[in-house]
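**Student:**
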Amino acid sequence: MKVLLAVDRRFVEFDGHIYTRGAVGPETGERYLSSFDQVRVLGRRDEVKNEDIGDMTKIVAPGLDFTLVDNINGIEYFKNRSKVWKVIENSVCSCDCVIARLPSVIGLRVCEFAVKHGIPYAVELAACPFDTYWYHGSKLGILYAPFAEKKVKKYVSAAPFVSYVTKRFLQHRYPNDNGKIVACSNVIIGQPQQSEAARRRRESNDGKVVFGTIASLNGKFKGIQHSLKALALLNSNEYRIEYRIIGPGNKQPWVDTAEQLGIRELVHFDGMLPAGNAVLRWLDSIDVYLQPSLREGLPRALIEAMSRGCPAIASSVAGIPELLDASDLHRPGDISGLAAMMNRSLDPAWRSVASKRNFYVAHEYSEEKLRVRRNGFWSSYASYVKQLECLDYCNE
Numbered sequence: 115m116k117v118l119l120a121v122d123r124r125f126v127e128f129d130g131h132i133y134t135r136g137a138v139g140p141e142t143g144e145r146y147l148s149s150f151d152q153v154r155v156l157g158r159r160d161e162v163k164n165e166d167i168g169d170m171t172k173i174v175a176p177g178l179d180f181t182l183v184d185n186i187n188g189i190e191y192f193k194n195r196s197k198v199w200k201v202i203e204n205s206v207c208s209c210d211c212v213i214a215r216l217p218s219v220i221g222l223r224v225c226e227f228a229v230k231h232g233i234p235y236a237v238e239l240a241a242c243p244f245d246t247y248w249y250h251g252s253k254l255g256i257l258y259a260p261f262a263e264k265k266v267k268k269y270v271s272a273a274p275f276v277s278y279v280t281k282r283f284l285q286h287r288y289p290n291d292n293g294k295i296v297a298c299s300n301v302i303i304g305q306p307q308q309s310e311a312a313r314r315r316r317e318s319n320d321g322k323v324v325f326g327t328i329a330s331l332n333g334k335f336k337g338i339q340h341s342l343k344a345l346a347l348l349n350s351n352e353y354r355i356e357y358r359i360i361g362p363g364n365k366q367p368w369v370d371t372a373e374q375l376g377i378r379e380l381v382h383f384d385g386m387l388p389a390g391n392a393v394l395r396w397l398d399s400i401d402v403y404l405q406p407s408l409r410e411g412l413p414r415a416l417i418e419a420m421s422r423g424c425p426a427i428a429s430s431v432a433g434i435p436e437l438l439d440a441s442d443l444h445r446p447g448d449i450s451g452l453a454a455m456m457n458r459s460l461d462p463a464w465r466s467v468a469s470k471r472n473f474y475v476a477h478e479y480s481e482e483k484l485r486v487r488r489n490g491f492w493s494s495y496a497s498y499v500k501q502l503e504c505l506d507y508c509n510e
């Protein structure tokens, strides 16, 4: 059985192979091979210089292939849409069923063509579409947000199978009353180790507190600007403070902002790190994780930080309140509230309590537990599609 997986991720075709920026994840298709014989990933085409290929992740998995379409964001939507729509429709019709990871322009079109041709479709809802486009940072995004919200509600409501990354938030905003649903985060972490959380709590305080964030530097929806402004409000003579950030993108606009705020010497950009141990070691080097996002689904980086026993402060958007205590949440964009929480986090006693709590919450998101739930759900979807095929055969 062949499934089409529609994603919004960018991929590069180079020398007969497929590459992507960042770590392998649900958007790259491998995890669905446990339930389907073949997975065709429908994503966006990216361009890269030859010398940059070495910094990208090569995707190799038997049973996995890719169809890439030109960009259809912004003005390119009107230039490329006819050609892209045809490729998408042909891709839908070439598979037995589809999975649309939403929000995504490609994913919405896949749902439309699946309904048109009577092909079973399932939805994997990874974030709130309205928030995603509203906080995109462009006027076009603001205009598109209500339309995307309405469309996603329509297809989620009618889908026979829906996977949500949250436990409650997305289910409430984009309900599905008649299909089979599952709450299953996209996070990929090993079983949290007690020794790591205990080590963090045992370490003596040396008068230095390091805040950290994992985020793309492209765009403002992760709230880095709020962290920088809050950092500038801190008034602590007792502790030395640093703010470290890892993630792809151009750091210069953020360097300029830090300069303007008078905190350039406190802010460090650590670039891109390979997924896995390098990121875990980086998380172990910080004292407090910051997630002041304007939009989210259920942030994987936050859960990964919690799995290392890392205290955390975050905005109250989307599914984040399912992870942290209410006292560790601030309203999105509330810089003074964020600064007050950061000031409180300078206390080693607070960090010790938060570390222990976050570590145990992260247990619920271990890859072992999520894999069983996820594989069971997609195997049920595959069985559902096979039953439909049998009925169609018997009715011929």
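Going by the numbering used here, the residue at position 188 of the sequence shown is 302; the numbering climbs one at a time, nothing skipped. All residues carry an ideal CB built from backbone N, CA and C; glycine is no exception.
#1: I need the boundaries of the alpha helix (DSSP H) containing valine 369, first residue and last residue.
#2: Could you tell me the alpha carbon to alpha carbon distance between glycine 232 and serine 277, rounded to whole angstroms?
#3: Between the beta-carbon of asparagine 472 and the beta-carbon of alanine 440, is there less than 9 Å?
#4: Using DSSP bridges, identify the partner residues of threonine 327.
#5: What do you get for valine 183, buried or exposed, if any count of 16 or more other CB atoms within 10 angstroms of its CB means buried?
#6: Since I believe leucine 119 is in contact with serine 205 (beta carbons under 8 Å), could you give me their beta-carbon distance rounded to a whole number of angstroms?
#7: State the DSSP-derived secondary structure class of arginine 315, mapped to helix, strand or coil.
#8: Apply the 10 Å Cβ neighbour rule to alanine 262 and answer buried if 16 or more other Cβ atoms are within range, or exposed otherwise.
#9: Report the CB separation of valine 381 from isoleucine 355 in whole angstroms; it is logged as a contact under 8 Å.
#10: Do you know how far the Cα of tyrosine 353 is from the Cα of valine 486?
#11: For serine 318, is the classification buried or exposed, using 16 other Cβ atoms within 10 angstroms of its Cβ as the cut-off for buried?
#12: Are the stretch 125-134 and the stretch 219-229 in contact at 8 Å, needing three or more beta carbon pairs?
#13: For glutamate 410, report the span of its beta strand (DSSP E) as first-last.
#14: Please decide whether alanine 432 counts as near chain C, where near means a Cβ-Cβ distance under 9 Å.
#15: Looking at the unbroken alpha helix (DSSP H) that takes in histidine 477, where does it start and where does it end?
#16: With a threshold of 6 Å on Cβ separation, who are the neighbours of asparagine 332 within its own chain once the five nearest residues in sequence on each side are excluded?
#17: Rounded to whole angstroms, how far is the Cβ of isoleucine 106 from the Cβ of leucine 345, which I believe are closer than 8 Å?
#18: Lysine 253 lies in the alpha helix (DSSP H); which residues open and close that run?
#19: Relative to the C-alpha of lysine 500, which candidate in Ser196, Ile256, Ala428 and Phe150 has its C-alpha closest?
#20: Would you call tyrosine 474 buried or exposed, if buried means 16 or more other Cβ atoms sit within 10 Å of its Cβ?
**Tutor:** Based on what the coordinates show:
#1: Residue 369 sits at position 255 when you count from the first residue of the sequence shown. Counting along the chain, the alpha helix (DSSP H) containing valine 369 begins and ends at 366-375.
#2: Looking up residue 232 in the sequence shown gives position 118. Looking up residue 277 in the sequence shown gives position 163. Straight-line Cα distance between these residues: approximately 21 Å.
#3: The residue given as residue 472 occupies position 358 in the sequence shown. The residue given as residue 440 occupies position 326 in the sequence shown. Taking 9 Å as the Cβ cut-off, asparagine 472 and alanine 440 do not qualify as a contacting pair.
#4: Residue 327 sits at position 213 when you count from the first residue of the sequence shown. Ile359, per the DSSP bridge assignment.
#5: For this step, residue 183 is matched to residue 69 along the sequence shown. Its Cβ being crowded by 16 or more others within 10 Å, valine 183 is buried.
#6: Translated into positions along the sequence shown, residue 205 becomes position 91. Translated into positions along the sequence shown, residue 119 becomes position 5. Rounded, the Cβ-Cβ distance is 10 Å, inconsistent with contact.
#7: By one-based count along the sequence shown, residue 315 stands at place 201. Unreliable positioning characterises arginine 315 in this predicted model, as indicated by a pLDDT of 48, which lies under 50. The coordinate reading is nonetheless provided below. In this structure, arginine 315 counts as helix in the three-state DSSP scheme.
#8: Within the sequence shown, numbered from 1, the residue matching residue 262 stands at position 148. The residue is buried, with at least 16 neighbouring Cβ atoms inside 10 Å.
#9: Within the sequence shown, the letter at position 267 stands for residue 381. Within the sequence shown, the letter at position 241 stands for residue 355. Not confirmed; about 10 Å, so no contact.
#10: Mapped onto the sequence shown, residue 486 falls at position 372. Mapped onto the sequence shown, residue 353 falls at position 239. Straight-line Cα distance between these residues: approximately 44 Å.
#11: Start at 1 with the first residue of the sequence shown, and residue 318 comes out as number 204. Confidence at serine 318 is low in this model, with a pLDDT of 45, below 50, so the placement of that residue is unreliable and no value is reported for it.
#12: No, the stretch 125-134 does not touch the stretch 219-229.
#13: For this step, residue 410 is matched to residue 296 along the sequence shown. Here glutamate 410 belongs to no beta strand (DSSP E), and DSSP marks it neither H nor E.
#14: Among the chains of the structure shown, chain C does not appear; only one protein chain is present.
#15: For this step, residue 477 is matched to residue 363 along the sequence shown. From DSSP, histidine 477 is part of no alpha helix (DSSP H); its letter is neither H nor E.
#16: Here residue 332 is taken as the residue at index 218 of the sequence shown, counted from 1. Same-chain partners within the cutoff: Gly363.
#17: What is shown of the chain runs 115 to 510, which leaves residue 106 out entirely.
#18: Translated into the one-based positions of the sequence shown, residue 253 becomes position 139. 253-272 is the extent of the alpha helix (DSSP H) around lysine 253.
#19: For the purposes of this step, residue 500 is taken as residue 386 along the sequence shown, with counting starting at 1. Per the Cα distances, Phe150.
#20: Your numbering for residue 474 matches position 360 in the sequence shown. Tyrosine 474 comes out exposed.
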